[in-house]
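Residue numbers for the sequence shown, in this note's numbering: 1314 to 1696.
For glycine and all other residues, C-beta sits at the position ideal for the given N, C-alpha and C.
Report on one structure; see the data block that follows.
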Amino acid sequence: MKVIYLWLIRLVSFFNGWRPKKKIIYLMSFDNNVGFIKRLAQRLPQSTPIVVLYRKETEAAATDLAAFGIQTIEFRDDLYFVTQLVPLLASAKLIFCDNYYAFLGGFIHSNRTKIVQLWHAAGAIKKFGWEDPTTQNRTVVAKRRFQLVYNQFDEYVVGSQAMGTVFEESYREPQAKIRLLGYPRSDRYLNSEWRKRAQRHVYQVAPDLKGKRVILYAPTYRDDKKIKMPSGVAEALSADPNAVVVVKLHPLLQSLGQRQTDDNSKIRSYDQLSTSELLTVTDTLVTDYSSVAFDFSLLPNAKTAIFYMFDLDSYQKDPGIQDDFLTWLPTPPVMTVEELAKAIKANQATDFTAFNQKWNTYNDGNATNRVIDYYADYLNLKR
């Protein structure tokens, strides 16, 4: 079915290759670049419309953009996408992506259209693409399909040479495609007004966090069939009796979050609050292989990061971890609940200086302006 679907996309995009290239299209599966999209829309003349194609999980962000006057269209991999939205993509002069989109493997890419990867994370602890050990077990056809998608990207906007190198190795792409401009999504963490607004919202929803040491537990996604949380994690996270623990888990990992049903528990979960908002009031971040650490390290309130990697051995095999991660992680990982509890109690400040120099080099609060200015030249827009 995948082969047939990609063949249909190829056919439709081929027959729509004649379309004038005027539009800008943003493919959105993460909600962390709304500010960039709005700023870009403000710079565009009416003759250069921007259209956001969004996945269902970013509906709230799409609603916000629509209220701003930007056209938004939900998309999924179906015949409507092939017959109605592939022709729309064929009319784009510039396409921004925030993720890997499999359909691009069948899309015929005109040399009058530029496709840019604006990745959804500032850094990478996990491996992906060709670096993922499990990729080697895929069929030859699947591997070819992956590389067809990777080859569609004309440029990769990154916040550091380290992230550029990750794409060079993971997608087998040349350094010439890397653009060291910074990630627009990172600007908000360095914007005091945005932080104040986020904090106000947090305290409106969760007034019990104000004046407390907030410990945020935000682990990465794991397949529900593979995850087995060690017993005693909740108790270890609550090792500081004066702190409040907030968990922000993927839907498949909600069992720990359900501890909030106990009125006396110091563990909380707030579905109304985004991870980005919660980071602005967090003193201690407990995570593992998640990219959330790269965002947290930019915030002035970031005091301590704890990397709780209880399944490090298995995770190194599937999906894999960057080979040199121990040389640049800002603090050594902890493996057991006992070590986690000890680190929570110690509350030792983390030095993020070298970590940020490596991964957030160009994430300096000005990335949005640089990215828009860079592509303004390509679009022949006035500065």
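The Cβ atoms of Y1502 and L1357 do not sit closer than 8 Å to each other. When secondary structure is reduced to three states using DSSP, E1387 falls in the strand class. Under the DSSP assignment, Y1691 falls in the alpha helix (DSSP H) whose first and last residues are 1680-1692. Distance from the Cα of R1535 is smallest, within the candidate group Y1687, E1590, N1614, D1624, for D1624.
Listed in chain order, the non-local C-beta contacts of D1553 below 8 Å within the same chain comprise R1526, I1528, I1657, K1658, N1660, local neighbours out to five positions each way being set aside.
Per DSSP, reduced to three states, the secondary structure at Q1430 is strand. Within 10 angstroms of the beta-carbon of V1560 lie 16 or more other beta-carbons, which makes it buried.
V1558 sits in a strand when the DSSP states are folded into three classes. At least 8 Å separates the beta-carbon of V1454 from that of A1415. Boundaries of the alpha helix (DSSP H) around I1317: 1315-1328. In the assembly as shown, P1333 is an exposed residue. Its beta-carbon has fewer than 16 other beta-carbons within 10 Å. Inclusion of D1521 and V1557 in the CB contact set at 8 Å is warranted, their separation being smaller than that value. Apart from sequence neighbours up to five positions away, the residues of its chain that approach Y1496 with a beta-carbon distance below 6 Å are A1435, G1472, N1676, A1680, ordered along the chain. Closest in C-alpha terms to T1644, from the list S1610, Q1629, N1614, comes S1610.
In chain order, V1454 place their CB closer than 8 Å to the CB of V1316, counting only its own chain and leaving out the 5 sequence neighbours on each side. Here L1692 really is in contact with K1406; their C-beta atoms are around 7 Å apart, less than 8 Å. Look at T1448 here: in three-state DSSP terms it is helix.
Within the model, the alpha-carbon separation for G1633 versus W1331 is close to 43 Å. Per DSSP, reduced to three states, the secondary structure at F1623 is coil, with no helix or strand assignment. Here Y1339 is not near F1394, since their CB atoms are 8 Å or more apart.
Burial is judged here by how many other beta carbons sit within 10 angstroms of a residue's own beta carbon; K1630 has fewer than 16 and is exposed.
In this structure, H1433 places its C-beta atom within 8 Å of the C-beta atom of D1411.
Taking C-beta atoms as the reference points, T1361 and M1341 fail to come closer than 8 Å. Put simply, the backbone Cα of Y1688 is about 8 Å away from that of L1694.
Distance from the Cα of I1580 is smallest, within the candidate group H1422, L1366, A1519, F1381, for A1519. With fewer than 16 other Cβ atoms inside 10 Å of its own Cβ, S1627 counts as exposed. In the three-state reduction of the DSSP assignment, V1471 falls in the strand class. The residue from T1600, A1373, E1590 with its alpha-carbon nearest to that of K1509 is E1590.
When the Cα atoms are used, Y1583 and A1615 turn out to be separated by approximately 20 Å. According to the DSSP assignment, Y1463 belongs to no beta strand (DSSP E) but to the alpha helix (DSSP H) extending over 1453-1465.
Closest by C-alpha distance to A1375, out of I1428, D1636, V1347, is V1347. Across the set R1425, V1479, D1344, the C-alpha of V1479 shows the shortest separation from the C-alpha of D1445.
The DSSP-derived three-state label of R1356 is helix.
Per DSSP, R1508 is one residue of the alpha helix (DSSP H) stretching across 1505-1518.
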